[in-house]
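Trainee: Just so we're aligned, residue 57 is where the sequence shown starts under our numbering, counting upward by one.
Every residue, glycine too, gets a C-beta built ideally from N, C-alpha and C.
Below is a structure I'd like to ask you about.
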Amino acid sequence: MTVKNSRVVVLGGTSGIGLATAQAVAEAGASVVVASSRQSSVDRALSVLPPGAEGLVLDVGDSAALRDFFTAVGPFDHLVYTAGENLALMRLEDYDIHAARTFF
Ligand SMILES: NC(=O)c1ccc[n+]([C@@H]2O[C@H](COP(=O)([O-])OP(=O)(O)OC[C@H]3O[C@@H](n4cnc5c(N)ncnc54)[C@H](OP(=O)(O)O)[C@@H]3O)[C@@H](O)[C@H]2O)c1
């Protein structure tokens, strides 16, 4: 599979696994859109991604914002989803259902 000349959207693409993925596909010739919830993260990511990369602020927990985001982004070829908090490892019986829903 090649990503050359494709458009790749990376939700959570401003840090960690998502940013590494965005960098890899951009270097392979894809146009990349990264998104995450903080403008500062988006700015930092765009400073290390190749020219032409796009960055948008998006809270993936906000369904109205998600709709607006995909309307703004338009057609794309691949979606990568790495947005999220670090795993909270604890006994199931100690887990708070609201925290679990937010995490998912
Ligand atoms: N690294 C590992 O070895 C590993 C292993 C297993 C699972 N995971 C899981 O994989 C996911 C990514 O890991 P990572 O190491 O790449 O984490 P990371 O470096 O913390 O990156 C998380 C990304 O998600 C964004 N994000 C967080 N909340 C968001 C929200 N509500 N809406 C939109 N973007 C949001 C963050 O940017 P903002 O802060 O700007 O929103 C950031 O760009 C995490 O859920 C982690 O628990 C990681």
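Would you mind working out which of Ser62, Ala120 and Asp99 sits nearest Pro131, comparing C-alpha positions?
Mentor: As a first step, residue 131 is located in the sequence shown; it is residue number 75 there, counting from the start. Of the candidates Ser62, Ala120 and Asp99, the one whose C-alpha sits nearest the C-alpha of Pro131 is Ser62.
Trainee: Any chance you could list the beta strand (DSSP E) runs of at least 3 consecutive residues sitting entirely within the segment 70-108, in chain order?
Mentor: Those beta strand (DSSP E) runs which fall completely within the segment 70-108 and span 3+ residues are 87-92.
Trainee: Measure the Cβ-Cβ separation of Val89 and Thr77 and say whether it is below 8 Å.
Mentor: The sequence position of residue 89 within the sequence shown is 33, counting from 1. The sequence position of residue 77 within the sequence shown is 21, counting from 1. Result no, Cβ atoms of Val89 and Thr77 do not sit closer than 8 Å.
Trainee: What distance in whole Å lies between the Cβ atoms of Ala101 and Gly111, which are believed to be in contact at a cut-off of 8 Å?
Mentor: Along the sequence shown, read from residue 1 onward, the residue named residue 111 stands at position 55. Along the sequence shown, read from residue 1 onward, the residue named residue 101 stands at position 45. Indeed they touch by this definition, with Cβ atoms about 6 Å apart.
Trainee: Could you spell out where the beta strand (DSSP E) holding Leu45 opens and where it closes?
Mentor: Given that the chain is displayed from residue 57 to residue 160, the structure contains no residue 45 and the question cannot be resolved.
Trainee: Can you check DSSP and say which residues form a bridge with Leu143?
Mentor: Taking the sequence shown and counting its residues from 1, the one referred to as residue 143 is at position 87. Answer is none; Leu143 lacks a bridge partner.
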